[in-house]
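**Q**
Residue numbers (the UniProt record's numbering): 1 to 81.
Here it is in C-alpha cells:
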C-alpha cells in the first residue's frame, strides 16, 4: 500500500553478476582447453576482449568481470547549448 518496490537495482545487479559469470566461464574454458583462440571461437568472442577480462580478473577478481560504468564525454570547458 504505502510501500514502493525498487526492482530495477536488483535486476541491474543480477545482470552484472550473470555477465561476469559468463565471462568467467570463457576464462575457465580457455584454461581447460589450453587454447585461447579455440575458447573464443566457441563462444563467439574476440581475443582482445578475452585478454582484457583476464587482466581485470587477475587484478580485481570476480568484480573486475562486471561492466565498468560509462565514461562521461563532457569536457569542462564546453560551452553550454
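We put the CB at the ideal spot given by N, CA and C, even for glycine.
1) Taking 8 Å as the limit between beta carbons, can you name the residues of its chain near residue 47, skipping five residues before and five after?
2) Could you round the C-beta distance between residue 16 and residue 73 to whole angstroms and report it? I think they count as a contact, below 8 Å.
3) Can you give me the Cβ contacts of residue 61 inside the same chain, cut-off strictly under 8 Å, excluding the 5 residues immediately before and after it?
4) Which residue from 14, 27, 22 puts its Cα closest to that of residue 58?
5) Count the other C-beta atoms from every protein chain shown that fall within 10 angstroms of the C-beta of residue 23, then say buried if there are 16 or more, exposed otherwise.
**A** The structure says:
1) Residues 36, 37, 40 of the same chain have their beta carbon placed closer than 8 Å to that of residue 47, with the five preceding and five following residues left out of the count.
2) Contact annotation, residue 16 with residue 73: C-beta distance approximately 22 Å; criterion of less than 8 Å not satisfied.
3) Cβ within range, chain order: n/a, list empty.
4) Comparing Cα-Cα distances from residue 58 to each of 14, 27, 22, the minimum goes to 27.
5) Residue 23 comes out buried.
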